[in-house]
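Heads up: the structure comes next, in structure tokens.
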Amino acid sequence: MQGLCDSCEESADHLFDLTRLPEFRSVVKRLNYRKVCQICYDDLYDEVKEQETQKDRRTETRYPVNLKISLSGVDRGGNKFSEDAFTKDISLSGARISIKHQVELGSVLNISIPDNDVEATVIIEVMWHDGKSKTAGIKLVETNDSWAKMVSSKANLLNKS
Numbered sequence: 002m003q004g005l006c007d008s009c010e011e012s013a014d015h016l017f018d019l020t021r022l023p024e025f026r027s028v029v030k031r032l033n034y035r036k037v038c039q040i041c042y043d044d045l046y047d048e049v050k051e052q053e054t055q056k057d058r059r060t061e062t063r064y065p066v067n068l069k070i071s072l073s074g075v076d077r078g079g080n081k082f083s084e085d086a087f088t089k090d091i092s093l094s095g096a097r098i099s100i101k102h103q104v105e106l107g108s109v110l111n112i113s114i115p116d117n118d119v120e121a122t123v124i125i126e127v128m129w130h131d132g133k134s135k136t137a138g139i140k141l142v143e144t145n146d147s148w149a150k151m152v153s154s155k156a157n158l159l160n161k162s
């Protein structure tokens, strides 16, 4: 099947129909990709396998909490940046956040959550690109008492409701 790849939008002689492959259901649903070229298929396959591995090794509960945060660090181009963002969920060792800047995996960022009096140093563990928006999985560089207290208090609030 010849046509344009839904992911990279490049012309390809052969496209993979992701709707026929059950392991790609989440990709089709999340990214709305249906037909992709070989290169994008390989990248998406690696991402699906990585997500399965991460699900298996995740031992901490993630709490769906939307907190305003401030991020600062160095972007992919080597330029310093600072931006306001939001968490999508939090755990004792990290969070999933929205992010606007292009950053490399392994980048070290500073995060502050002013409403909770929390500051921490984090590492970018994983990145997801969904059209225009980017989401990052971050991990605390070292244990942080103020972070742990914040997560515990948010967890208690969620458990009461």
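Numbering follows this note's numbering, with no gaps: position 89 of the sequence shown is 90. C-beta atoms are modelled at their ideal positions from N, C-alpha and C, and glycine is treated no differently.
How big is the Cα-Cα spacing for residue i and residue j?
| i | j | result |
| --- | --- | --- |
| residue 136 | residue 14 | 31 Å |
| residue 24 | residue 49 | 7 Å |
| residue 73 | residue 17 | 39 Å |
| residue 66 | residue 143 | 21 Å |
| residue 68 | residue 35 | 33 Å |
| residue 32 | residue 90 | 20 Å |
| residue 82 | residue 150 | 28 Å |
| residue 169 | residue 22 | Since the first residue of the chain shown is 2 and the last is 162, residue 169 is not available in this structure. |
| residue 87 | residue 112 | 11 Å |
| residue 26 | residue 46 | 12 Å |
| residue 52 | residue 60 | 14 Å |
| residue 85 | residue 2 | 43 Å |
| residue 12 | residue 104 | 28 Å |
| residue 39 | residue 75 | 32 Å |
| residue 178 | residue 79 | The structure shown does not extend to residue 178, since the chain spans only 2 to 162, so no value can be given for it. |
Here's the rule: buried if 16 or more other CB atoms are within 10 angstroms of the residue's CB, otherwise exposed. What is residue i?
| i | result |
| --- | --- |
| residue 241 | Because the chain in this structure spans residues 2 to 162, residue 241 falls outside the shown range and cannot be described. |
| residue 28 | buried |
| residue 41 | buried |
| residue 9 | exposed |
| residue 147 | exposed |
| residue 134 | exposed |
| residue 109 | exposed |
Since residue i and residue j are thought to touch, with beta carbons under 8 Å apart, how far apart are those beta carbons, to the nearest angstrom?
| i | j | result |
| --- | --- | --- |
| residue 97 | residue 132 | Contact flag wrong, Cβ pair sits at about 17 Å. |
| residue 141 | residue 94 | 6 Å |
| residue 62 | residue 92 | 6 Å |
Hey, which unbroken runs of the alpha helix (DSSP H) at 4 residues or more fall wholly within the region 27-92?
39-58
When you compare the region 122-130 with the region 154-161, are there three or more beta-carbon pairs, one atom per stretch, that lie closer than 8 Å?
no
To test your reading of the DSSP string, which unbroken beta strand (DSSP E) runs of 3 or more residues are found completely within the region 95-136?
95-100, 109-114 and 119-131
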